[in-house]
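J.: Take this structure, written in structure tokens, and hold onto it; I'll ask about it next.
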Amino acid sequence: LPNFRQIAADKATTMGHIKRIHLTESIVAVPPDNILKQANIILNPILEQIINNKVNSRYLSSIRDSLLPKLMSGEIDVSKIEI
């Protein structure tokens, strides 16, 4: 990444001037398969929970957006609900 930043800085722009050759000549550290598998075992449940949380958040937001105006206008009356 520092090489790419230097190329971009030399061009005084963003990464748009990086060519395929810059990518093919770059060195990337790739962990061994056993480390990747261990990371997946740990990270997959976390990523799944993040996705589930986002889905639930959107669902709850849509419920809020449809109920709140009705509650504020009195169209839905909750005054007699016991909690």
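Heads up, the sequence shown is in my numbering, so the first residue is -7 and it goes up one at a time.
The C-beta atom is built at its ideal place from N, Cα and C for all residues, glycine as well.
1) Should residue 59 and residue 68 be called a contact, given that it needs their Cβ atoms to be closer than 8 Å?
2) Taking the alpha helix (DSSP H) that residue 31 falls in, what are its first and last residues?
3) Does DSSP put residue 75 in a helix, a strand or coil?
T.: This is what the structure gives:
1) Contact: yes.
2) Unbroken alpha helix (DSSP H) run through residue 31: 25 to 65.
3) Here DSSP, grouped into helix, strand and coil, assigns residue 75 to coil.
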